[in-house]
């Protein structure tokens, strides 16, 4: 019987300590030596949707609230909704994994999980690593986290979500780009983070970090209804 396997283009030179098979992905839960941070985690196996609608501000797709303005994000119950522009939003399912999520029947939804990669970079000095690789303003003082930036990162068009930025060099970020750039992007980030001790980490460490984001960054302050 043919066994289908889904593979991320990203490969870390590190020894997995614990893995799990999930929806035909081999997901690393922990590496043997993850260090004290900062960390980089491959989250490409997480389900991601693109949602487009010409009347996006008037629509509430499924159970998701869409932020009222481009650049704003809402994070609740493990789901991150990022307003990209007047007609488009991206939806990241970051919470505990279960069965594969079916794409909603609304024609505005597209599953982009296979077309892109998703990386989490977080922990002490994570902000310092990102500063080396892009001119995007990850510490814009007028923005409340989480917020979305779109633009060049390592000269590649990316979506970057700033989950946490503490001002002391620490932070938490999500980076998504086209799948074809995934391996090169991961290696560029690892090289930039070498001086700060950046190490690959498994999904469990990112999940633990995400729990602190959910606590320290409430989502109710966004005027999501427009």
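Residue numbers (this note's numbering): 543 to 768. C-beta atoms are modelled at their ideal positions from N, C-alpha and C, and glycine is treated no differently. No experiment lies behind these values; they were computed from the predicted model shown.
Would you call residue i buried or exposed, if buried means 16 or more other Cβ atoms sit within 10 Å of its Cβ?
i           : result
residue 716 : buried
residue 580 : buried
residue 754 : exposed
residue 562 : exposed
residue 656 : exposed
residue 683 : exposed
residue 585 : buried
residue 736 : exposed
residue 624 : buried
residue 724 : buried
residue 772 : Beyond the ends of the chain as shown, which are 543 and 768, falls residue 772; an answer cannot be given.
residue 740 : buried
residue 546 : exposed
Between which two residues does the beta strand (DSSP E) harbouring residue i extend?
i           : result
residue 729 : Careful: residue 729 lies outside any beta strand (DSSP E), inside the alpha helix (DSSP H) at 724 to 734.
residue 718 : 713 to 720
residue 569 : 567 to 573
residue 563 : 558 to 564
residue 659 : 658 to 665
residue 549 : Per DSSP, residue 549 belongs to no beta strand (DSSP E) and is neither H nor E.
residue 587 : Neither: residue 587 is in no beta strand (DSSP E) and is coded neither H nor E.
residue 651 : 651 to 653
For residue i, which residues of its own chain have a beta-carbon under 6 Å away from its beta-carbon, when the five flanking residues on both sides are left out?
i           : result
residue 734 : 671, 674 and 675
residue 554 : 742
residue 556 : 573 and 742
residue 645 : 651 and 653
residue 613 : 689 and 690
residue 560 : 571 and 572
residue 620 : 636 and 637
residue 589 : 635, 643 and 655
residue 748 : 583 and 662
residue 728 : 552
How is the alpha helix (DSSP H) around residue i delimited, first residue to last?
i           : result
residue 608 : Premise fails: residue 608 is in no alpha helix (DSSP H) and is neither H nor E.
residue 672 : 668 to 673
Could you please give me the residues that DSSP links to residue i through a beta bridge?
i           : result
residue 615 : 624
residue 695 : 698
residue 689 : 614 and 704
residue 631 : 593 and 625
residue 683 : Paired residues: none, contrary to the question.
residue 742 : 582
Skipping 5 residues on each side, what residues in its chain have a beta carbon closer than 8 Å to that of residue i?
i           : result
residue 679 : 691
residue 548 : 565, 566, 567, 587 and 656
residue 694 : 676, 677, 678 and 700
residue 708 : 669
Skipping 5 residues on each side, what residues in its chain have a beta carbon closer than 7 Å to that of residue i?
i           : result
residue 761 : Legend: pLDDT at residue 761 = 43, less than 50; position of this residue unreliable, no value from coordinates given.
residue 666 : 579, 580, 711 and 712
residue 738 : 580, 667, 670 and 671
residue 569 : 561, 562, 587 and 745
Let me see if you follow: with CB-CB separation under 8 Å, is residue i close to chain B or not?
i           : result
residue 745 : Going by chain labels, chain B is absent from the structure shown, which holds only one protein chain.
Report task. Determine contact between the region 704 to 713 and the region 641 to 659, defined as no fewer than three beta-carbon pairs at a distance below 8 Å. Result -> No, because fewer than three Cβ pairs between the region 704 to 713 and the region 641 to 659 fall closer than 8 Å, the two stretches do not touch.
Query raised in the report: Do the region 613 to 633 and the region 698 to 706 make contact, defined as three or more Cβ pairs closer than 8 Å?
Result: With the cut-off at 8 Å, the region 613 to 633 and the region 698 to 706 touch.
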